[in-house]
Amino acid sequence: MLVKTICKQVLGWFLFLSLFWPQAAGAAPSGEEIMAALDRALNSYQGTILMDLTVVRPGGTPRTSRLRVYISGTEKMCLRYLEPARERGQGYLRVGDEIWMYLPNAKRSLRMSGRQNLQGTDLANDDLLRLDLFRDYDPVLVGEETGGEQECWVVQLTTTEPSVTYGKMIYWVRKNDSLPVKTEYYSFAGKLMKTMYYKDIQEIGGLVRPVRMEVHSNLREGYQTILTMVEADFATVIGDAVFTRDFLEQGY
């Protein structure tokens, strides 16, 4: 009799716990997990990218520059302007938290802030040169969007670190492959400054990623900056010598 009673109690507990198993199995990931997966999908590589940077202004002719970008993980990036001729040789270098800009006319590289504007675009230096943006932020899953063709997690990143460029960012991240769809950038006062859209997700250089990124200013109507990957090589190892001021100041 005692054995039967114990068996019934154990069975009862299993039935009770089973009510919660489906919920646990389908539980949403945390904000930290989502952003870590995005980081692995988007930034965990090294290689070179040939990229077009187009600046659009209302009533004006779009202005396009061609760049060669060297990347090693999230800590190192070197960017060189190839075209047009008047910009050839200009470049940027980022190693860790340090950013340098080189102008051939100045014949030396200058220390820059991540908040400073990137060459008359709608980008801050951090937007393009800094890939470890999540380091200084606290990511929290705030919702999900399941409408349309892409099911996304919505993650809000906030910070109290005064040295960073944005007080808050909101990411829409695809559930199926952890690639971003959209990012909203807010000032520390809570004002929406710009929105980045990640488009044309396809394979390039052997990796799947968005090859077109559009930055729309929310402060000035019609102001846009478009980044388009033309070709990429993620198989070639980039030596440390590339990520130095000596290499940057060679110009091209």
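When the letters of the sequence shown are read in order and numbered with our numbering, they come out as residues -12 to 239. Quick reminder that beta carbons are idealized off the backbone N, C-alpha and C, glycines included.
What is the DSSP secondary structure of residue i, reduced to helix, strand or coil?
{"i": "E138", "result": "coil"}
{"i": "A219", "result": "strand"}
{"i": "D113", "result": "helix"}
{"i": "L80", "result": "strand"}
{"i": "L66", "result": "strand"}
{"i": "R98", "result": "strand"}
{"i": "V229", "result": "helix"}
{"i": "L206", "result": "coil"}
{"i": "E148", "result": "coil"}
{"i": "D125", "result": "strand"}
{"i": "E74", "result": "helix"}
{"i": "L235", "result": "helix"}
{"i": "D187", "result": "strand"}
{"i": "S165", "result": "coil"}
{"i": "K155", "result": "strand"}
{"i": "S174", "result": "coil"}
{"i": "G182", "result": "Contrary to the premise, residue 182 reads as Thr rather than Gly in this sequence. Note: T182 maps to strand in three-state DSSP."}
With 16 as the cutoff for other CB atoms within 10 Å, does residue i come out buried or exposed?
{"i": "T212", "result": "buried"}
{"i": "V168", "result": "buried"}
{"i": "G60", "result": "exposed"}
{"i": "N163", "result": "exposed"}
{"i": "N104", "result": "exposed"}
{"i": "N92", "result": "exposed"}
{"i": "L97", "result": "exposed"}
{"i": "P197", "result": "buried"}
{"i": "P9", "result": "Low confidence applies to P9: its pLDDT is 40, below 50, so where it sits in the model is not reliable enough to give any reading."}
{"i": "P126", "result": "buried"}
{"i": "T147", "result": "exposed"}
Note down, in chain order, each residue of its chain lying with its Cβ closer than 6 Å to the Cβ of residue i, except the 5 sequence neighbours on either side.
{"i": "E70", "result": "R53"}
{"i": "D113", "result": "G101 and T152"}
{"i": "E220", "result": "The question names Glu, but residue 220 in the sequence shown is Asp. Closer than 6 Å at Cβ, skipping near neighbours: G34, T35 and G192."}
{"i": "F230", "result": "K63, C65 and V82"}
Can you round the beta-carbon distance between residue i and residue j to whole angstroms, since I take them to be within the 8 Å contact cut?
{"i": "M216", "j": "I191", "result": "6 Å"}
{"i": "V43", "j": "K63", "result": "With a Cβ gap of about 30 Å, V43 and K63 do not count as contacting."}
Closer than 8 Å by C-beta to residue i: which residues in its own chain qualify, once you throw out the five before and the five after it? Chain order, please.
{"i": "L66", "result": "L54, R55, V56, Y57, G78, Y79, L80, L115 and L116"}
{"i": "L110", "result": "N104, V202 and T212"}
Mind checking if residue i is an interface residue toward chain D, Cβ cutoff 8 Å exclusive?
{"i": "D113", "result": "No chain D is part of this structure, which consists of one protein chain only."}
Below 7 Å CB to CB, which residues in the same chain sit around residue i once its five sequence neighbours on both sides are set aside?
{"i": "S17", "result": "L128"}
**Asked** If you scan the segment 9 to 43 from start to end, which runs of the alpha helix (DSSP H) of 4 or more residues do you find wholly inside it?
**Response** 18 to 30
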